[in-house]
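Before any comments, here is the structure.
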Amino acid sequence: MKYLWIHRERPRPGSRRWWVVWAKRALMLRRLVRLALIQARLRAKGVKIGELSVLYRFRIQGSPARISIGSHSFVSEDVTMAAHDRITIGSRVVINDGVNILTASHALGDPHWRMYSREVRIDDYAWIATNATILPGVHIGTGAVVGAGAVVRSDVAPYAVVVGNPAAPVATTRVRTLAYDPALFSAPFEAWVGANNQTKLEGEYGK
Numbered sequence: 317m318k319y320l321w322i323h324r325e326r327p328r329p330g331s332r333r334w335w336v337v338w339a340k341r342a343l344m345l346r347r348l349v350r351l352a353l354i355q356a357r358l359r360a361k362g363v364k365i366g367e368l369s370v371l372y373r374f375r376i377q378g379s380p381a382r383i384s385i386g387s388h389s390f391v392s393e394d395v396t397m398a399a400h401d402r403i404t405i406g407s408r409v410v411i412n413d414g415v416n417i418l419t420a421s422h423a424l425g426d427p428h429w430r431m432y433s434r435e436v437r438i439d440d441y442a443w444i445a446t447n448a449t450i451l452p453g454v455h456i457g458t459g460a461v462v463g464a465g466a467v468v469r470s471d472v473a474p475y476a477v478v479v480g481n482p483a484a485p486v487a488t489t490r491v492r493t494l495a496y497d498p499a500l501f502s503a504p505f506e507a508w509v510g511a512n513n514q515t516k517l518e519g520e521y522g523k
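According to this note's numbering, the sequence shown holds residues 317 to 523 in order.
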């Protein structure tokens, strides 16, 4: 939370904006403390977390120590990470509600139905939309978008947009000059940095 204090919005004391800002901070305090506690518990379990990532309560199967999340990323509630192998999530990644990230399955061609595991990698600025499923061994490239409800069985190229089951690319691709910070869209964090400061901070730290 040191980042929020250093980069906080500083309206003139006693001004209308000053009262609005501090009222919002007071209103968001409980949620901010909750986010801090969630991060502390995840780190205590062995999850590696970068600076200023917004992590809501999500389910972990397997070893938490196999999960790594970069800086300024956002992981919503009702997400499942099955960490039977490594899950490596980059910076400024958004993972929405109901996403499943799987790293293990059973070999259909094996008469003994043995389990296998493969690392999942999600690179910077990727966006995994609501209820998508990422299967073992998949690599989601920088800036790629996985549509809501998609089931991803193979790698997704950088800046590609994939939808459906199985996920397939669409003609549209994402802009390649990404400089936003999903962490600052979170209300408890925005209450400190201020909506007007977001563009400035994103420009400084998005390079």
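C-beta: ideal position from N, C-alpha, C; glycine also.
For residue i, the three-state DSSP class (helix, strand or coil)
i           : result
residue 441 : coil
residue 469 : coil
residue 391 : strand
residue 485 : strand
residue 319 : helix
residue 363 : coil
residue 415 : coil
residue 329 : coil
residue 448 : coil
residue 464 : coil
residue 420 : strand
residue 410 : strand
residue 357 : helix
residue 495 : coil
residue 503 : helix
residue 324 : coil
residue 490 : coil
residue 336 : helix
residue 519 : A caution first: residue 519 carries a pLDDT of 49, below 50, which makes its placement in the model too unreliable to give a value.
Closest residue to residue i among the options (Cα-Cα distance)
i           : options            : result
residue 350 : 510, 508, 509, 504 : 504
residue 376 : 390, 436, 399      : 399
residue 475 : 397, 321, 341, 461 : 461
residue 454 : 466, 439, 470      : 470
residue 353 : 403, 373, 496, 426 : 373
residue 456 : 495, 497, 389, 406 : 406
residue 409 : 403, 364, 387, 420 : 387
residue 403 : 421, 424, 379      : 379
residue 393 : 411, 382, 385      : 411
residue 484 : 325, 465, 395, 365 : 465
residue 419 : 345, 431, 427      : 431
residue 384 : 435, 425, 337, 339 : 435
residue 496 : 440, 324, 391, 361 : 440
residue 355 : 437, 396, 472, 390 : 390
DSSP beta-bridge partners of residue i
i           : result
residue 272 : The structure shown does not extend to residue 272, since the chain is modelled only from 317 to 523, so the question has no answer here.
residue 371 : 391
residue 455 : 437
residue 378 : 399
residue 431 : 422
residue 477 : 461
The stretch 358 to 372 touching the stretch 477 to 488, judged by at least three CB pairs closer than 8 Å: Verdict: no, contact absent.
Touching by the beta-carbon criterion (3+ pairs, under 8 Å), the stretch 449 to 458 and the stretch 411 to 421: Between the stretch 449 to 458 and the stretch 411 to 421, the count of C-beta pairs closer than 8 Å reaches three or more; the two stretches touch.
Inter-stretch contact at 8 Å, needing at least 3 Cβ pairs: the stretch 454 to 472 / the stretch 431 to 446: The stretch 454 to 472 makes contact with the stretch 431 to 446: 3 or more CB pairs, one atom from each, lie closer than 8 Å.
At least three beta-carbon pairs within less than 8 Å, the stretch 491 to 499 to the stretch 321 to 336: Judged by Cβ distances under 8 Å, the stretch 491 to 499 makes no contact with the stretch 321 to 336, as fewer than three pairs qualify.
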